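Read the structure below first, then the notes.
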Amino acid sequence: MEDVIKNDKGQIMLLTVFLIIIEVVSFTAILNNMILTANIPITGLDDSKHQMREFRLMTESEMQKAAYYATTYVEDPENVTQVQNYFTNYVNSYNNSVMKLYAARGASVEIIFNNISFNKTTTNLTVNMYHVEWKNHTFNINSLIIPMDENQTQIMKVFGLVYKIVDDNGTSGLNSTRIPVWNILQNPVNSTVPDFYSTIYTDDNASSTATGAVMNRSYSGGPFLIDIDDIDETKRQMILAEAANKSIIIHKLASPFYYEKAVQMVVPPKVAVYPDPPPSEMSGYYKDSEVPYTALDDTDIENGALKLTPFDILTIPHEDMDHAPKEVITSIVSWVADGGVLHAQCAGTDTMDDAVEKWAGSAEPWYGFIGINRSENHTGKIQLRTMTYIKLVDKNTPFNSTLTYNMSPPASLAGIADPGAAYSPLAQSYNISGILGNHSAQSTTPAFSLRSNGSQVNPRANILGYAAYVDGTPVYLDADIHSDHRSDLQLMYIEAQYENGLVTYLAGHNQSGRIGGERLIFETFFAASMRLSPVTVVAAKNINITIKYNDGKVRYEDTFLINT
Amino acid sequence: MIRNEKAQLYTIEAIACALLLVLVVIFVIKAAPMTPNSSSSSHQQIEVQLTSQGYDLLTVLDYVPEGSTDLSQLKQAIASWNGMEFSGQAAVSPYGGPTNVTANDFKEALGDAGIVYNLEVFFNTSAGISSRPMLWNGKPSDNAVIVSKSIVLNDEDMAINTDLKSIIPDIDLGTKFYNIVEVKLTLWRM
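What follows is the structure in structure tokens.
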């Protein structure tokens, strides 16, 4: 021990070894750190990649938007110059803005147009893009609102006005210029489901130069709106003058209004009525509304009038279709399959199903268009005065959530009354109970029920309204013309998609005798837009652009074609 | 002197100790931040993580299903914002709307994970680029990272929001193009 302590050389050597170890450890740590750092992604480059990607995606999206807006919002979408100017202005604004914004980040961007063409094209305005798909929309202050409830005194005439506003087939005046009309869809039953009312701050004087009573008003029944951005003062005056002629009340928005479930009509439906001449009730509906229609007879339909014109809506009141020729039925089936909207009432409902099954039954596995049975009134089973109120269905309707339909096997009503009438363009109403009045006229088909064999019912059927007593209690009854000793829920109003088209059946005879029921005939207007309506417009096509991005770290350039 | 090996030994020992101490101090300083706002080598990884988190969050909030006409949550938050800076996490008017919902999402995704963030909105004006803080939690640290997302606003997006219209101008009155805003998210760890 004494030797070791005294052996200073040994200690120095030990210390030297210790220092070498420290150096090795330090060197290893530094080397490790260098390797780690070299393997961490460089944040700056990663950021550049995000910026480039964003620039490209945003530019692509904005070119598509510019093309869409240019076609949709110009005064005359068939005018090449107007569409081209709009597109160019939009793109220039985008280009200038994006250049400034990226310059502030230290990057330069550039958009170069290599090719673009503006050609007249026939576009199919599809349901998903333009029509019955709910859209959220903000209506600016001074937009026009046409009430469809107690605030309105001429509910039926409103449909004629709306038709005229959207129509552009005239040579002068209101129906020579196409103005989109919006319908805000509400829940037509005042249950706990919201949106029966929309509280909107409005002015009851729609003139642009005067002010009336400005206040919050509750609107129900699916009011129509015309966005102020879609009209100038001249068009506004034309609308107000036409409304004044028809004694229609129009308000204007006193503050902007935003709504999430709105649909837009940009093309007026062409309406056909069968047969020719139509029954007096049908003439009455149209006389009340002043909506133009064309009556078709067997020969017209057999000669293909439905598709050749083409018509968007075919209305068949209480006509027994069992007697219609085979060619008439097959023409109707083919037209509906292509996107037509069929609205049948009274005897036109179940006899249509029978005729379709008879002449075109192999087209679909279910019975007819929807699969219904007529309920009898002749034996006194359906008491018109007490049992034929229409109760519109919403998700809080008790039977909808708890009961099953008496089919084989039993079907959940929640499955065949979903979504029911809530927010449907086919069933807007302002009756707080959701009950539309009965009527006393004798009806061939006062109600109907679904066929008891579930496989015979169109799986896309949606019950909009059922037969109810005055208090809304559902009518359950074995009332089939072919009594099957089953007690079924009696139905009044039902819809079902049939291939690309839509079929609606409404029980009862003369709807004008039913409070709130007459307007249902025209509520197919917006649904008719489900038809793929060909519209000729000028559209920006073949947009070929080069984009350049340079932020000092990364230089990027790409040329690509944008689909519109 | 030469024979005094003890002195040499003590000197080398002192140098070794000093070296050891200095290395330890340097290592600690480089490895961990001394104050919340100072930088350190450990931030390199954190910066990458934060950048990635920031972009992910903005991408998720700006997602819209293909074919949908709905606004993204982020766009709704901007379109519904009244232009006022959030005071801490307090809600802004209109209460309960998309702006507050999105602010809460930022809090849950970042704040609750110990990440501090500022959200600012940059936009074009006739005088150049202007900005306005939306969510503000203080001055960022030296190692803060910035991620951003550009959002194009159209007329219909802005029609309802008169408050914001007075702040973010419509730079094209003739078309539906309104403006582009850059949502800039600054992130750092405390």
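These protein sequences, in sequence, are chains G and Z.
So for the first sequence, my numbering puts the first residue at 145; every next one is plus one.
So for the second sequence, my numbering puts the first residue at 138; every next one is plus one.
All C-beta atoms in this analysis are idealised placements derived from N, C-alpha and C, irrespective of residue type, glycine included.
None of these values were measured; they are calculated from a predicted model.
Within chain G, partners of residue i - CB distance below 7 Å
i         : result
Ile317(Z) : Ser241, Val242, Leu245
Strand pairing of residue i, partner residues [DSSP]
i         : result
Val417(G) : Ala439(G), Thr459(G)
Gln298(G) : Beta-bridge pairing links Gln298(G) to no other residue.
Leu96(G)  : Nothing about residue 96(G) can be read from this structure; chain G reaches only from 145 to 708.
Glu254(G) : Lys692(G)
Leu705(G) : Asn688(G)
Ser362(G) : Thr343(G)
Met178(G) : DSSP, once it has assigned bridges, lists no residue as partnering Met178(G).
Leu621(G) : Asp632(G)
Residues of its chain near residue i, where Cβ-Cβ distance is below 8 Å and the 5 sequence neighbours each way are ignored
i         : result
Gly311(Z) : none
Thr530(G) : Asn582, Tyr613, Val614
Thr196(Z) : Lys286
Gly250(G) : Asp695, Gly696
Asp371(G) : His281, Phe283, Asn284, Ser287, Pro324, Trp326
Candidates the options, of which the one nearest residue i by Cα
i         : options                                    : result
Phe401(G) : Gln226(G), Ser475(G), Asn284(G)            : Asn284(G)
Gly661(G) : Gly365(G), Ala671(G), Thr215(G), Gln208(G) : Gly365(G)
Lys431(G) : Val302(G), Phe340(G), Asn360(G), Ala248(G) : Val302(G)
Ile179(G) : Gln181(Z), Ile166(Z), Phe260(Z)            : Gln181(Z)
Ala354(G) : Asn334(G), Asn286(G), Leu528(G)            : Asn286(G)
Ser444(G) : Glu471(G), Ile691(G), Ser424(G)            : One point to set straight first is that residue 444(G) is Asp, not Ser, in the sequence displayed. Of Glu471(G), Ile691(G), Ser424(G), the residue nearest in Cα terms is Glu471(G).
His626(G) : Ser573(G), Thr523(G), Pro618(G)            : Thr523(G)
Glu294(G) : Val235(G), Tyr574(G), Ile457(G), Met243(G) : Tyr574(G)
Ser599(G) : Ile659(G), Ile516(G), Gly578(G), Ala585(G) : Ile516(G)
Leu528(G) : Trp479(G), Thr453(G), Ala585(G)            : Ala585(G)
Tyr254(Z) : Leu324(Z), Val185(Z), Ala246(Z)            : Leu324(Z)
Gln226(G) : Ala210(G), Leu158(G), Ala488(G)            : Ala210(G)
Where residue i meets chain Z, residues with beta-carbon distance less than 9 Å
i         : result
Ala398(G) : Result: empty, since nearest Cβ-Cβ is about 12 Å, beyond 9 Å.
Ile166(G) : Ala153, Leu156, Leu157, Leu160
Glu198(G) : Ser285, Lys286, Ser287
Ser352(G) : Going along chain Z, no residue has its Cβ under 9 Å from Ser352(G), so there is no contact; the nearest lies around 18 Å.
Asp373(G) : Asp292, Glu293, Ala296, Lys313
Asn233(G) : Asp309, Gly311, Thr312, Phe314
Asp538(G) : Going along chain Z, no residue has its Cβ under 9 Å from Asp538(G), so there is no contact; the nearest lies around 23 Å.
8 Å Cβ cut-off: residues of chain G touching residue i
i         : result
Gly192(Z) : Gly is not the amino acid found at residue 192(Z); the sequence shown has Tyr there. Going along chain G in sequence order, the residues near Tyr192(Z) (Cβ under 8 Å) are His194.
Glu142(Z) : Asp152, Lys153, Ile156
Leu256(Z) : The contacting residues do not exist; Leu256(Z) stays about 16 Å from chain G at best.
Ile215(Z) : Result: empty, since nearest Cβ-Cβ is about 14 Å, beyond 8 Å.
Glu245(Z) : Per Cβ cutoff of 8 Å: no residues; Glu245(Z) is ~23 Å from chain G at best.
Phe259(Z) : Leu245, Ala248
Supposed close pair residue i, residue j - CB separation, criterion 8 Å
i         : j         : result
Asn433(G) : Phe670(G) : Here residue 433(G) is Ser; the residue named in the question, Asn, does not match the sequence. Ser433(G) to Phe670(G), Cβ: 15 Å. No contact.
Arg663(G) : Ile299(G) : 6 Å
Ser596(G) : Ser552(G) : 6 Å
Val682(G) : Thr203(G) : Their Cβ separation, rounded to whole angstroms, is 22 Å, which puts Val682(G) and Thr203(G) out of contact at 8 Å.
Ser467(G) : His653(G) : Just to set this straight, residue 467(G) is His in the shown sequence, not Ser. The pair is not a contact, with the Cβ atoms about 18 Å apart (cut-off 8 Å).
Lys143(Z) : Asp152(G) : 6 Å
Tyr620(G) : Asp632(G) : 7 Å
Ile288(Z) : Ile317(Z) : 7 Å
Val417(G) : Gly304(G) : No, Val417(G) and Gly304(G) are not in contact; Cβ-Cβ is about 15 Å, not under 8 Å.
Leu301(Z) : Asn219(Z) : 6 Å
Residue i at chain B interface by Cβ criterion, 8 Å
i         : result
His395(G) : Annotation note: the requested chain B is absent from the structure, which comprises protein chains G and Z.
Sequence-distant residues of its chain with Cβ nearer than 7 Å to residue i (five each side left out)
i         : result
Pro235(Z) : Gln210, Gln213, Ala214, Ser217
Arg699(G) : none
Lys308(G) : Leu318, Asn319, Glu386
Ser192(G) : Asp695, Lys697, Val698
Thr588(G) : His462, Cys490, Ala491
Val500(G) : Ile473, Val477, Gly512, Phe513
Thr453(G) : Lys414
Own chain partners of residue i with C-beta closer than 6 Å, once the 5 adjacent residues on each side are dropped
i         : result
Asn521(G) : Pro590
Ile706(G) : Glu204, Met207, Ile687
Tyr230(G) : Ala214, Val218
Tyr341(G) : Ser362, Ser364
Pro324(G) : Asp374, Gln408, Val410
Ala571(G) : Pro332, Leu536, Ala565, Leu608
Ala640(G) : Ile514, Asn602, Arg604, Ala605, Val647
Asn334(G) : Phe340, Ile576
Closer than 7 Å at the beta carbon, the chain Z residues around residue i
i         : result
Tyr363(G) : Within chain Z, no residue comes near Tyr363(G); the closest Cβ sits about 17 Å away, beyond 7 Å.
Phe162(G) : Ala153
Per-residue contacts from residue i into chain G (C-beta, under 9 Å)
i         : result
Gln145(Z) : Asp152, Ile156
Contact set between residue i and chain Z, taken where Cβ atoms lie within less than 8 Å
i         : result
His281(G) : Glu293
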